[in-house]
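Protein chains in written order, with this note's numbering: chain A, 31 to 721; chain B, 4 to 248.
Next up, the structure:
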């Protein structure tokens with residue numbers, strides 16, 4: 031047997047073994063070769079705003095021109111891979127062919143919501159940029175910051191394209207008036223007015239704050255740049271209730287739209303605390319009960335004077351031994367009265383004091399001119415003492431001097447009125463009123479003009495509780511001094527507390543002290559969604575979190591519909607949404623219970639104008655579009671200047687997605703080579719006699 | 004004879020109805036002095052109200068019903084009487100649970116009780132019975148000393164001290180419910196200071212200055228029942244402060 035060079039053989043054998051070993055390792059780790067798709071064309075979402083404003087501003091032809099520009103510029107471009115969407119309130123995918131047929135009929139413009147949806151739509155897929163064709167008139171209330179920030183972080187530029195340059199539209203418009211949610215009487219409140227101007231650079235314009243056609247304040251505004259400018263006003267509402275205001279700018283020559291130079295708003299002014307001035311002619315149980323009730327109400331600030339001694343009373347001690355203080359007639363009836371919201375005259379015979387005709391005129395003005403309120407109680411002293419005085423004109427009854435000292439039962443004629451309502455439903459309320467205890471003594475009177483008798487005496491039919499609106503204010507008359515019996519003689523003394531509380535609320539028109547309050551904006555545009563807020567408190571004005579809240583909405587055609595109410599984050603707060611598809615007055619009613627215990631009810635109303643959001647604002651919001659572009663590192667164009675190349679859109683990652691994979695270990699030749707190597711190695715060893 | 008009996012019966016019914024009418028129908032906004040009739044010696048100072056009423060009318064603007072109203076606990080008239088006076092000088096049978104419930108309701112609905120111990124002795128039988136009753140009526144707000152700064156001591160007269168026909172305690176006690184005292188308890192025989200015989204002589208001896216102070220205290224309690232904490236209102240404070248100097 032011939033033996034070759036054993037050293038050379040060994041080397042070859044080692045080499046073969048190492049090669050085979052590498053191949054085995056190769057098989058164990060099973061390597062793959064990935065073939066990537068190379069993206070040279072960025073994927074771009076093309077968003078086309080088809081809301082009505084796109085046509086309202088520019089006319090049908092211009093919207094067609096815009097569409098043509100999109101069709102000609104984008105699909106023909108090989109620079110981008112466009113995915114088309116139309117948007118208004120909703121976002122819908124469309125093909126390039128559908129763009130031509132697109133009509134501007136969307137009812138709202140929700141740019142922010144659309145960007146949000148686009149981000150979700152492309153989740154997990156590549157989105158390199160967004161081209162947004164819009165006038166920028168976002169009219170669905172949403173915060174833009176979060177969404178824009180997200181686009182910026184994801185490195186997706188938004189190319190904002192407006193249909194034409196805004197500078198070509200000469201106009202001044204009031205865009206927004208920011209007012210605080212809660213406004214208190216006698217507390218200064220700041221208003222911020224956003225005014226949009228184009229084509230008036232270098233000019234000076236006047237801005238007026240008006241209430242009921244009276245100019246309250248005016249500001250002069252120097253227009254330095256076109257776009258948005260803020261003007262601030264400070265006002266201190268003097269009276270509580272709903273006050274109508276408007277911001278107005280005179281029409282300047284060449285303005286495209288003169289209707290957006292005026293914007294109305296309503297302030298619901300709440301009294302800081304209801305200030306009650308209570309003047310009582312003599313100490314009595316009526317005073318004691320009423321005072322105690324008013325004192326215990328946390329929403330009321332009470333100042334009271336009781337006449338403890340008349341001039342004919344003789345006290346055998348010096349004045350220094352008495353706690354009596356002088357009755358400051360002049361101060362009260364000339365000055366102080368105007369600092370109060372409600373004046374109570376309880377069996378108060380003015381003629382016993384140096385109260386002049388002018389003082390009584392001041393009381394009348396306090397109600398009719400200043401919009402304050404009066405509660406006048408008789409029963410011991412007849413209301414007829416005020417005959418032929420200015421106060422007589424305020425009385426909701428025509429009083430007689432006669433006082434009938436008889437027990438009588440109180441009959442509620444308007445049990446559903448806010449003052450007498452003691453239960454949530456009519457039958458329970460009637461039941462409570464039927465069980466009310468008897469009262470005693472009544473001052474004879476008959477109903478006055480334009481007055482409402484809420485409760486009368488059984489059999490006698492004389493008015494007992496009567497109300498009326500007098501000028502700007504409200505008056506209530508109680509012709510018995512024994513209303514306290516509703517507390518002491520009743521199974522539930524809280525009924526008395528409730529009636530008094532509700533009377534004060536009605537008189538002072540105070541929403542803030544209602545246990546159940548529903549808040550809504552005073553006006554909406556058709557197709558808006560009204561967000562309603564409901565606050566529920568218990569008798570001690572603590573928020574109730576687990577209340578059963580029933581909400582009913584009556585649309586302008588009178589149809590009532592129950593609306594679902596949801597508890598909100600804040601304790602005692604509830605919310606609901608109502609879609610507004612009809613124009614006119616909507617009425618809303620809410621009732622709240624805490625485990626079958628009636629907490630209260632409230633009603634409110636608002637007006638829906640047959641003006642869509644889309645026709646309300648007829649300017650391009652260039653600033654908003656620029657802001658979106660700037661914050662996302664995109665670009666801003668007017669449509670005439672737009673082209674894809676200028677947009678500089680590039681794919682974020684050129685190599686993306688695995689197009690396919692090659693499993694190298696899975697190939698047959700690899701195994702053949704391995705077998706071959708082992709075979710050769712075996713053969714050589716055998717030949718060399720190593721086996 | 005039968006006709007006479009019938010006539011008498013009709014007269015009696017008519018008189019009773021007339022009396023009731025006089026007692027209750029004239030209340031209106033007037034103050035009514037209502038006294039509780041109970042199983043013990045309840046009417047220890049029967050003429051006090053006549054004197055108080057007279058004095059009250061002369062010296063203040065309070066309009067009051069002249070007749071004293073006497074009620075028992077179950078009487079419906081109790082709830083026509085926001086001011087209830089309980090007097091006595093000896094222990095009495097405990098009120099039943101139902102009676103206690105009625106008094107509790109009376110207090111909760113805004114009634115006020117003035118208790119006057121006519122015995123003038125500390126730890127009297129009346130005092131023990133009253134304290135037992137008050138614990139049941141107002142377990143959460145027991146009797147406490149009414150501070151000298153309270154509105155009761157300045158509701159009409161400016162009083163520095165607590166007086167009475169006898170000075171058993173230099174304080175009044177009370178149960179405070181809400182912002183005012185709903186039960187006021189005097190052991191100083193305040194009403195005894197008013198009692199006079201038909202000839203106009205005081206029945207119970209007392210130093211005249213002390214009697215006058217007791218009368219002022221009584222008027223203040225009535226004023227307190229009618230005006231509550233009125234004299235604690237901020238508007239009165241500077242005036243009262245300067246007068247007390």
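Yeah, the Cβ is synthetic: ideal placement off N, Cα and C, and Gly gets one too.
Exercise. Are any of the Cβ atoms in chain A nearer than 9 angstroms to that of residue 209 of chain B?
Worked result: Not closer than 9 angstroms to any Cβ of chain A, the Cβ of residue 209 of chain B fails to qualify, so no.
Problem set entry | One or two residues paired with residue 691 of chain A in a DSSP bridge | A/64
For this session: Mind listing the chain A neighbours of residue 85 of chain B? Cutoff is C-beta to C-beta under 8 angstroms, in chain order.
Result: 315, 318, 319, 514, 518
Exercise. Quick one: Cα of residue 337 of chain A to Cα of residue 436 of chain A, how far?
Worked result: Their backbone Cα atoms lie some 26 angstroms apart in a straight line.
For this session: Quick one: measure Cβ to Cβ for residue 470 of chain A and residue 512 of chain A, integer angstroms, because I've assumed they're closer than 8 angstroms.
Result: 4 angstroms
Exercise. If we cut at 9 angstroms on Cβ distances, does residue 381 of chain A have a partner in chain B?
Worked result: no
Problem set entry | Nearest residue (CA-CA) to residue 376 of chain A, options A/363, A/335, A/366, A/295 | A/335
Exercise. What in chain A is Cβ-close to residue 226 of chain B, meaning under 8 angstroms?
Worked result: Those within 8 angstroms of residue 226 of chain B in chain A are 313, 338.
Problem set entry | 8 angstroms contact criterion, which residue 232 of chain B and residue 197 of chain B should meet: CB distance rounded | The Cβ separation is near 26 angstroms, so there is no contact.
Problem set entry | Helix, strand or coil at residue 114 of chain A according to DSSP, with G and I counted as helix | Residue 114 of chain A: strand per DSSP, three-state reduction.
Exercise. Hey, how far is the Cα of residue 3 of chain A from the Cα of residue 379 of chain A?
Worked result: The structure shown has nothing for residue 3 of chain A, since chain A only spans 31 to 721.
For this session: Would you mind listing the beta strand (DSSP E) stretches within the stretch 167-212 of chain B that are 3+ residues and don't spill past its ends, in chain order?
Result: 176-180, 183-189
Problem set entry | Proximal chain B residues relative to residue 409 of chain A, where beta-carbon distance stays under 8 angstroms | 31, 32
For this session: Compare the C-beta of residue 510 of chain A with all C-beta atoms of chain B and state if any pair is closer than 9 angstroms.
Result: yes
Problem set entry | Backbone CA spacing between residue 704 of chain A and residue 187 of chain A [nearest angstrom] | 54 angstroms
Exercise. Where residue 369 of chain A and residue 420 of chain A are concerned, what is the direct C-alpha to C-alpha distance, given to the nearest angstrom?
Worked result: 20 angstroms
For this session: Report yes if the CB atom of residue 223 of chain A is closer than 9 angstroms to the CB atom of residue 269 of chain A, and no otherwise.
Result: no
Exercise. Who are the near neighbours of residue 203 of chain B in its chain, counting only those whose CB is closer than 6 angstroms to its CB and skipping five residues on each side?
Worked result: none
For this session: Whole angstroms is fine: what's the gap from residue 215 of chain A's alpha carbon to residue 324 of chain A's?
Result: 20 angstroms
For this session: Quick one: which residues of the stretch 168-182 of chain B get their C-beta closer than 8 angstroms to a C-beta of chain A? List them in chain order.
Result: Cβ contacts with chain A: 181, 182.
Exercise. From the beta carbon of residue 161 of chain B, is the nearest beta carbon of chain A less than 9 angstroms away?
Worked result: At least one C-beta of chain A is nearer than 9 angstroms to the C-beta of residue 161 of chain B.
Exercise. By how many angstroms is the C-alpha of residue 171 of chain B removed from the C-alpha of residue 39 of chain B?
Worked result: 23 angstroms
For this session: Buried or exposed for residue 672 of chain A, please, with buried defined as at least 16 other CB atoms from any protein chain shown within 10 angstroms of its CB.
Result: buried
Exercise. Which residues of chain A have a Cβ atom closer than 8 angstroms to the Cβ of residue 184 of chain B, listed in chain order?
Worked result: Those within 8 angstroms of residue 184 of chain B in chain A number zero; the least Cβ separation is about 12 angstroms.
Exercise. Where does residue 28 of chain B fall in DSSP's three states?
Worked result: Since pLDDT at residue 28 of chain B reaches only 40, below the 50 mark, its modelled position is unreliable, and no value is offered.
For this session: Taking residue 105 of chain A as the reference, give the member of A/354, A/161, A/118 with the closest Cα.
Result: Residue 105 of chain A has its Cα closest to that of A/161, out of A/354, A/161, A/118.
Problem set entry | Best match in A/204, A/344, A/339 for proximity to residue 281 of chain A [C-alpha to C-alpha] | A/204
For this session: Output the boundary residues of the alpha helix (DSSP H) element that contains residue 389 of chain A.
Result: Per DSSP, residue 389 of chain A belongs to the alpha helix (DSSP H) from 387-398.
For this session: Step through the CB atoms of chain B and report whether any lies within less than 9 angstroms of the CB of residue 343 of chain A.
Result: yes
Exercise. For residue 536 of chain A versus residue 320 of chain A, is the C-beta distance shorter than 9 angstroms?
Worked result: no
Problem set entry | Between the CA atoms of residue 202 of chain A and residue 255 of chain A - distance to the nearest angstrom | 12 angstroms
For this session: Note down the Cα distance separating residue 525 of chain A from residue 64 of chain B, rounded to an integer number of angstroms.
Result: 30 angstroms
For this session: Label residue 666 of chain A either buried or exposed according to how many other C-beta atoms from any shown protein chain fall within 10 Å of its C-beta, with 16 as the threshold for buried.
Result: Residue environment analysis places residue 666 of chain A among the buried positions, since at least 16 neighbouring C-beta atoms fall within 10 angstroms of its C-beta.
Problem set entry | CB contact below 9 angstroms: residue 242 of chain B versus chain A | Yes, residue 242 of chain B lies at the interface with chain A (some Cβ there is under 9 angstroms from its Cβ).
Exercise. Quick one, which of A/242, A/286, A/262 has its alpha-carbon nearest residue 272 of chain A's?
Worked result: A/242
Problem set entry | As assigned by DSSP and simplified to three states, the class of residue 47 of chain A | Residue 47 of chain A: helix per DSSP, three-state reduction.
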